[in-house]
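If you read the sequences in order, they're chains A and B. Number 356 marks the last residue of the first sequence (our numbering); no jumps. Number 356 marks the last residue of the second sequence (our numbering); no jumps. Note that the Cβ used here is the ideal one computed from N, Cα and C, for glycine as well. Treat the numbers as computed from the prediction; the structure is a model and nothing was measured.
Number of protein chains: 2
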Amino acid sequence: MRKLLFVYLILIAVFVVYVYQYQTRDVSSNQWSENQLKGSMDETYVMVTFLSGIDYWKRPLKGFEDAAEALNVSVEYRGATQYDVNEEIMVLEQVIAQKPAGIAISAMDPEALNPAINKAVKQGIPIVTFDADAPKSQAYAFLGTNNLYAGEKAAHHMAELIGEKGKVGIVTHPNQLNHQERTRGFQTTISTHYPEMEIVSVKDGRGDQMISKEVTEDMIATYPNIDGIFATEANGGVGVGQAIKEVGKTETTEIISFDTDKGTLDLVEEGVISATLAQGTWEMGYWSLQFLFHLQHGLAAKEKDVQLPRYMDTGIHVVTKDDVSDYYPRD
Amino acid sequence: MRKLLFVYLILIAVFVVYVYQYQTRDVSSNQWSENQLKGSMDETYVMVTFLSGIDYWKRPLKGFEDAAEALNVSVEYRGATQYDVNEEIMVLEQVIAQKPAGIAISAMDPEALNPAINKAVKQGIPIVTFDADAPKSQAYAFLGTNNLYAGEKAAHHMAELIGEKGKVGIVTHPNQLNHQERTRGFQTTISTHYPEMEIVSVKDGRGDQMISKEVTEDMIATYPNIDGIFATEANGGVGVGQAIKEVGKTETTEIISFDTDKGTLDLVEEGVISATLAQGTWEMGYWSLQFLFHLQHGLAAKEKDVQLPRYMDTGIHVVTKDDVSDYYPRD
Chain A
26 MRKLLFVYLI LIAVFVVYVY QYQTRDVSSN QWSENQLKGS MDETYVMVTF
76 LSGIDYWKRP LKGFEDAAEA LNVSVEYRGA TQYDVNEEIM VLEQVIAQKP
126 AGIAISAMDP EALNPAINKA VKQGIPIVTF DADAPKSQAY AFLGTNNLYA
176 GEKAAHHMAE LIGEKGKVGI VTHPNQLNHQ ERTRGFQTTI STHYPEMEIV
226 SVKDGRGDQM ISKEVTEDMI ATYPNIDGIF ATEANGGVGV GQAIKEVGKT
276 ETTEIISFDT DKGTLDLVEE GVISATLAQG TWEMGYWSLQ FLFHLQHGLA
326 AKEKDVQLPR YMDTGIHVVT KDDVSDYYPR D
Chain B
26 MRKLLFVYLI LIAVFVVYVY QYQTRDVSSN QWSENQLKGS MDETYVMVTF
76 LSGIDYWKRP LKGFEDAAEA LNVSVEYRGA TQYDVNEEIM VLEQVIAQKP
126 AGIAISAMDP EALNPAINKA VKQGIPIVTF DADAPKSQAY AFLGTNNLYA
176 GEKAAHHMAE LIGEKGKVGI VTHPNQLNHQ ERTRGFQTTI STHYPEMEIV
226 SVKDGRGDQM ISKEVTEDMI ATYPNIDGIF ATEANGGVGV GQAIKEVGKT
276 ETTEIISFDT DKGTLDLVEE GVISATLAQG TWEMGYWSLQ FLFHLQHGLA
326 AKEKDVQLPR YMDTGIHVVT KDDVSDYYPR D
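Dropping the structure here:
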């Protein structure tokens with residue numbers, strides 16, 4: 026009798042625990058289905074780049090990974106190792122064959138990747154471009170820098186550095202659209218807002234450190250009292266910095282450069298480059314994944330066909346000696 | 026003895042249940058804290074507008090509400106009832122005094138609201154502008170239409186409608202920047218891409234239906250065989266439609282208008298207006314709340330000061346007879 030009672034009570038206890046467990050599981054699964062911004066770990070989003078080993082992609086990838094953590098999904102990184110558009114097309118085709126949940130691609134050529142991008146769209150794979158657009162493709166959105174605005178921002182900062190007065194030069198890479206826009210934004214802003222500033226020289230540094238150094242030496246020879254130089258890309262900025270350093274004009278000539286590779290950051294820390302413009306690269310990755318997730322889950326617009334914002338300007342931040350340490354890559 | 030055993034076993038059962046419950050609660054609170062994209066219902070975000078009763082705000086508010094549901098937070102809608110910037114400033118000041126979790130505001134004046142907007146920023150309240158920007162304020166981001174691109178899109182669609190050939194006119198509201206941009210985008214695209222199309226007339230409809238109708242009558246008198254007219258805003262579009270209808274040229278003159286108020290949609294359904302450009306108003310609301318949530322929770326950038334994308338182009342959709350029914354407001 027005592028034994029029977031014992032067994033009986035054990036059974037009750039087990040039953041109580043089971044019922045409780047069952048109810049709890051039910052509540053928790055309801056919470057999950059209500060939470061639209063939570064994906065599953067077998068949902069894989071892929072970031073595709075070119076020159077995949079360079080430091081530049083570390084921050085977009087970090088943003089992509091941070092968004093994946095927030096949304097509870099998985100990410101992969103794939104890229105062409107070379108600066109070779111055919112290799113990037115091949116990598117993209119391979120990624121499409123995997124049928125991932127979404128793709129974010131930086132297009133090294135604004136046209137050549139279109140057929141592959143459109144193939145992804147046709148197969149129902151969400152795809153966005155970041156950093157470098159393929160504007161005539163069917164990609165759902167582009168997330169990147171507004172280069173015209175970046176040039177304007179550089180001009181205002183230069184004006185502040187030299188007291189809104191003096192001679193300035195530009196070292197740029199005029200074959201590329203993004204550099205043309207940075208140059209134009211800079212020029213327009215100076216001529217519109219700063220009547221006592223004058224752009225005396227625009228040189229082609231061809232995206233090369235040595236050539237940029239040489240054209241800067243020419244510029245200083247012609248205008249020994251030049252007050253500031255804007256370099257529209259990173260290699261050029263380092264070349265300009267070296268030229269100014271060698272002639273001992275670091276104190277009198279302000280340099281504004283672009284991007285945050287190690288060579289540039291070192292010269293900012295040293296005080297040779299006064300400021301460099303950091304693109305919102307973390308933001309490109311973070312919001313790319315957000316957009317892809319919204320497309321994959323049909324959340325981009327509820328009342329009609331999925332529509333995404335077409336363009337997101339991921340912003341520019343002026344990096345100076347004060348915060349340069351935040352920009353060195355972390356492993 | 027039997028009784029004691031009974032009490033003893035009950036106590037064990039209760040203890041087992043308690044331990045289980047305790048562990049479950051612990052697991053569930055861990056899940057919650059890991060889920061960065063889940064807020065709490067006592068976190069209130071406020072949308073602020075002017076002319077708060079008009080239909081135009083229904084879709085941004087729906088987007089704002091949908092994002093609130095996805096993020097598990099609360100929203101409120103406040104607006105100046107009149108087209109009166111002082112009233113909007115007053116409403117914004119009242120909202121700031123409530124210390125909400127974030128504010129999305131459509132600025133009816135690009136300058137006058139700046140002190141109040143900057144006050145919110147100073148008090149640590151996240152604030153973004155949508156639909157109409159206050160570009161010199163300290164608002165963290167702007168989410169709205171790229172009007173230059175909207176004009177380009179209108180031009181390409183007009184070209185398609187009239188076979189890339191013929192005479193077209195524009196009825197616009199040249200005092201406002203957004204209308205200047207729509208007009209410029211349209212003109213540039215026609216002159217660049219469609220050599221057999223010509224813009225023969227640009228008239229000022231002053232944002233008024235009657236005046237737009239009159240200037241359209243003048244336009245038809247001068248160019249009886251005009252092939253298409255682009256109206257850069259909704260009242261103008263209805264006026265143009267009425268004029269074309271009255272002279273019985275509905276079959277031969279294509280009209281492209283802007284926005285999706287009821288008068289415009291009715292004329293699209295009737296076949297008088299061939300297409301109207303719908304702005305991404307749902308998107309403005311949805312992504313405004315996403316941005317504010319990210320600011321409030323410090324998620325916008327993890328490695329340095331919170332930075333948001335500066336501008337989001339919320340897109341344009343060409344609405345025709347085929348999908349016009351999707352655009353009537355739902356209650």
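Close Cβ partners of residue i (< 8 Å) along its chain, the five nearest in sequence each way excluded
| i | result |
| --- | --- |
| residue 80 of chain B | 286, 287, 354 |
| residue 108 of chain B | 75, 76, 133 |
| residue 269 of chain B | 241, 245, 254, 275, 278, 280, 297 |
| residue 38 of chain B | none |
Closest Cα partner of residue i within the set the options
| i | options | result |
| --- | --- | --- |
| residue 72 of chain B | B:96, B:34, B:95, B:131 | B:131 |
| residue 116 of chain A | A:98, A:29, A:141 | A:141 |
| residue 247 of chain A | A:300, A:192, A:259 | A:192 |
| residue 342 of chain B | B:284, B:267, B:94, B:293 | B:284 |
| residue 317 of chain B | B:263, B:189, B:278, B:151 | B:151 |
| residue 113 of chain B | B:135, B:253, B:99 | B:135 |
| residue 94 of chain A | A:103, A:70, A:111 | A:70 |
| residue 187 of chain B | B:106, B:349, B:281, B:127 | B:281 |
| residue 234 of chain B | B:295, B:31, B:347, B:265 | B:265 |
| residue 314 of chain A | A:102, A:223, A:349 | A:102 |
| residue 106 of chain B | B:296, B:160, B:63, B:82 | B:82 |
| residue 221 of chain A | A:157, A:252, A:123 | A:252 |
| residue 148 of chain B | B:127, B:275, B:167, B:157 | B:127 |
| residue 177 of chain A | A:351, A:32, A:242, A:208 | A:208 |
| residue 118 of chain A | A:143, A:100, A:276 | A:143 |
| residue 64 of chain A | A:98, A:214, A:36 | A:98 |
| residue 202 of chain B | B:223, B:170, B:122, B:216 | B:170 |
| residue 196 of chain A | A:228, A:40, A:29, A:214 | A:228 |
| residue 199 of chain B | B:30, B:232, B:217, B:224 | B:232 |
| residue 348 of chain B | B:291, B:273, B:339, B:32 | B:291 |
| residue 322 of chain A | A:29, A:145, A:60 | A:60 |
| residue 175 of chain B | B:257, B:352, B:153, B:189 | B:257 |
| residue 226 of chain B | B:243, B:214, B:32 | B:243 |
Distance between beta carbons of residue j and residue i, contact taken as under 8 Å
| i | j | result |
| --- | --- | --- |
| residue 250 of chain A | residue 206 of chain A | 29 Å between Cβ atoms; not a contact. |
| residue 165 of chain A | residue 320 of chain A | 6 Å |
| residue 155 of chain A | residue 211 of chain A | Not confirmed; about 24 Å, so no contact. |
| residue 337 of chain B | residue 160 of chain A | Going by Cβ atoms, the distance from residue 337 of chain B to residue 160 of chain A rounds to 17 Å, so no, they are not a contact pair. |
| residue 293 of chain A | residue 346 of chain A | 6 Å |
| residue 96 of chain A | residue 62 of chain A | 6 Å |
Sequence-distant residues of its chain with Cβ nearer than 6 Å to residue i (five each side left out)
| i | result |
| --- | --- |
| residue 236 of chain A | 230 |
| residue 184 of chain B | 219 |
| residue 357 of chain B | The structure shown does not extend to residue 357 of chain B, since chain B spans only 26 to 356, so no value can be given for it. |
| residue 57 of chain B | Low confidence applies here, because residue 57 of chain B scores a pLDDT of 39, under 50, leaving its location unreliable; read the following figure in that light. Closer than 6 Å at the Cβ level, and outside the excluded window around residue 57 of chain B, lies no residue. |
| residue 123 of chain B | none |
| residue 35 of chain B | none |
| residue 66 of chain A | 99 |
| residue 181 of chain A | none |
Per DSSP, cross-strand counterpart(s) of residue i
| i | result |
| --- | --- |
| residue 103 of chain B | B:73 |
| residue 228 of chain B | B:196 |
| residue 336 of chain B | A:338, B:167 |
| residue 191 of chain A | A:222 |
| residue 349 of chain A | Residue 349 of chain A is not bridged to any residue. |
| residue 344 of chain A | A:301 |
Residue i CB to nearest heavy atom of the ligand MG below 6 Å
| i | result |
| --- | --- |
| residue 135 of chain B | For the structure depicted, the ligand MG is absent and the ligand set is empty, with no information on it obtainable. |
Residues near residue i by beta carbon distance below 7 Å, same chain, minus five either side
| i | result |
| --- | --- |
| residue 111 of chain A | none |
| residue 359 of chain A | Past the edges of chain A, shown from 26 to 356, lies residue 359 of chain A, and the structure says nothing about it. |
| residue 87 of chain A | 307, 310 |
| residue 91 of chain B | 311 |
| residue 340 of chain A | 305, 308 |
| residue 352 of chain B | 285, 290, 303, 344 |
_Whole beta strand (DSSP E) elements within the segment 119 to 177 of chain B, 3-residue minimum_ = 127 to 130, 152 to 155, 167 to 169
*Every unbroken beta strand (DSSP E) inside the segment 292 to 325 of chain B [3 residues or more]*: 300 to 304
*Which ranges does the beta strand (DSSP E) cover as unbroken runs of at least 3 residues, wholly within the segment 240 to 298 of chain B, from first to last along the chain?*
253 to 256, 279 to 283
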